[in-house]
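S.K.:
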Amino acid sequence: MWVFLQLARAIMFSYLPCVLTAIAVSLVTCHAQCKCPGISGLLGRDGLKGQPLLWGLLSLLGEQGKWPQGLPYSPDTELYNMLVNLKYRLSRLEGVLALTGKIREVGEKILASNGKEVDFASALESCEKAGGTLAAPRNEEENKAILGIVKQYNRYAYLGIKGGETSGQFMYIDGTPLNYTKWHPYEPNGKGTEKCVEMYADGSWNDKKCNLYRLTICEF
Ligand code: MMA
Ligand code: CA
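In terms of our numbering, the sequence shown is residues 18 to 237.
(1) With a Cβ-Cβ cutoff of 7 Å, do L164 and G220 count as a contact?
(2) Using the beta-carbon count (16 or more within 10 Å), is L151 buried or exposed?
(3) Would you list the residues sitting across from R121 in a DSSP beta bridge?
(4) Give me, in chain order, the residues of the same chain whose beta-carbon lies closer than 6 Å to that of K226; leave out the 5 immediate sequence neighbours on both sides.
(5) Quick one: any contact between the stretch 135-143 and the stretch 193-210, if contact means 3 or more CB pairs under 8 Å?
(6) Between the Cα of R231 and those of E182, R155, G192 and I166, spot the shortest distance and give me the residue it belongs to.
(7) Determine the direct distance from the alpha carbon of Q169 to that of G185, and round the result to whole angstroms.
(8) Would you list the residues sitting across from F187 in a DSSP beta bridge?
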């Protein structure tokens, strides 16, 4: 009911042209899969800035009739618009980077390679310098996404997994135990002499010495 009252008020206060433009723009901007937020994207557009009534109406309707994820109602329209607009711009940037093969998104992870083949320590260092770490698959889906990059460059890659100094057990870089493995048959076979792990071109893993040159794939 409140929605309709607001809508009536919006029309009365001659927001109608703006609403129509908003709908038109959303139809044009929203592509097949509609990854971009139609309404929330528009909220950040200049045309709708500083129009609390319309903003309230649109955000009440939300993206799928819900509040935009993680953003509580705030009377601070400018700040809210800015955040929603940032989310929208970020999702477009991700679209560009994914389209051009610069990144792969899997769940919450973003995967990327600099295309360089270096030893394990250098690979890890360049990932950390960029604010990430070496990619370590935690499930089949992530393993497939990393494999996609291995195939893209046609190079084996070091994974963010290491054999422990004392236990010899393989762990993630942060020292936590593996919750998923994809060892190639008869691997790991290095008996502690191969402390790093490489991904083969079929996505399976081999324990391997750390001083070889392997593709750097980072996760963020
Ligand atoms: C190499 C080396 C090992 C791997 C075997 C598999 C000969 O050693 O890559 O890590 O386990 O090949 O045959
Ligand atoms: Ca091995």
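Don't be surprised by glycine CBs; every beta carbon is placed ideally from N, CA and C.
M.R.: Inspection of the coordinates gives the following:
(1) Here residue 164 refers to the residue found at position 147 of the sequence shown. Here residue 220 refers to the residue found at position 203 of the sequence shown. Yes.
(2) Sequence index remark: in the sequence shown, residue 151 carries index 134 (1-based). With 16 or more Cβ atoms within 10 Å of its Cβ, L151 is classed as buried.
(3) Here residue 121 refers to the residue found at position 104 of the sequence shown. Partner(s): L128.
(4) Position 209 of the sequence shown, counted from the start, is the residue given in the question as residue 226. If we look at K226 and ignore the five residues flanking it on each side, its Cβ neighbours are E211.
(5) no
(6) To locate residue 231, count along the sequence shown from 1; it is residue 214. Among E182, R155, G192 and I166, the Cα nearest to that of R231 belongs to I166.
(7) Residue mapping note: residue 185 aligns to position 168 of the sequence shown, counting from 1. Residue mapping note: residue 169 aligns to position 152 of the sequence shown, counting from 1. In a straight line, the C-alpha of G185 is about 32 Å away from that of Q169.
(8) Within the sequence shown, residue 187 is the residue found at index 170, counting from 1. Beta-bridge pairing links F187 to G180.
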